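Written below as structure tokens is the structure these notes are about.
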Amino acid sequence: CEQFLFSKAFSAQLEWSLPQSNTVEVLYQDHNSWLTGWLRRKLGCPQSAADLAQDTFMRLLTARETPSLNEPRAFLTVVAKRVLFNHYRRQDLERAYLQALAQMPEQLAPSEEERAIILQTLMELDQLLDGLPSPVKRAFLLAQVDGLGYAEIGARLGISIATVKRHLSKAALRCYFAL
């Protein structure tokens, strides 16, 4: 039933220039069970494996181009590994956020709704900054989250103020073009 719903819901989006054997719909029908099993072995959780398999196929649906595939399972494995990496990164981010919350005085702790909004914002910010060099991300976060000035950021990172400005410009451009 779920396979039928997936196929019907996205069949209109599958009008790509791919040969019929390489459409996302065909990939889903032929390899979803295998991919879900592969992810289940990696994660040890059937529900998470099913979710990440769906995320993998959604990534293919939203891709600008899907290459012609001689080895569809190898291709799906590469895409699934990227999805899995993002999954682990989100878990790490959530864990770090919860640790930071645990250190806050209880009277200053945000409500459950505020926590969810903050966590979602952090995940979106992490995704937005993905691909930027680590020093650029750190400088941006020190400026935007911690509210530090150029000199303080430079001192913390051991870089010049000019470099701080370049880093913040790169991050700002990434944010601007994401809008």
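Numbering follows the numbering used here, in which position 77 of the sequence shown is assigned residue number 76; successive positions increment by one, without gaps. Quick reminder that beta carbons are idealized off the backbone N, C-alpha and C, glycines included. Fair warning: this is a prediction, and the values are worked out from it, not measured in the lab.
Within 10 angstroms of the Cβ of residue i, are there 16 or more other Cβ atoms? Answer buried if so, exposed if not.
i	result
residue 111	exposed
residue 116	exposed
residue 176	exposed
residue 27	buried
residue 69	exposed
residue 256	For residue 256 there is no data in the structure shown, the boundaries of the chain being 0 and 178.
residue 77	exposed
residue 38	buried
residue 163	buried
residue 168	exposed
Which residues in the same chain as residue i place their Cβ atom closer than 8 angstroms to its Cβ, once the five residues preceding and following it in sequence are excluded?
i	result
residue 41	48 and 83
residue 58	78, 81 and 82
residue 0	Only weak support is given to the placement of residue 0: the predicted model assigns it a pLDDT of 32, under 50, and the value that follows is read from those uncertain coordinates. There are no such residues.
Which same chain residues, not among the five before or five after residue i, have their C-beta less than 7 angstroms away from its C-beta?
i	result
residue 121	92 and 96
residue 149	160, 163 and 164
Using C-beta distances below 6 angstroms, list every residue in its chain close to residue i, excluding the 5 sequence neighbours before and after it, in chain order.
i	result
residue 128	136
Should the region 76-87 be called in touch with the region 95-114, which here means at least 3 C-beta pairs below 8 angstroms? Too few Cβ pairs lie closer than 8 angstroms, so no.
Can you list, in chain order, the stretches of the alpha helix (DSSP H) that have 4 or more residues and sit fully within the region 58-124? The region 58-124 contains these whole alpha helix (DSSP H) runs: 71-101.
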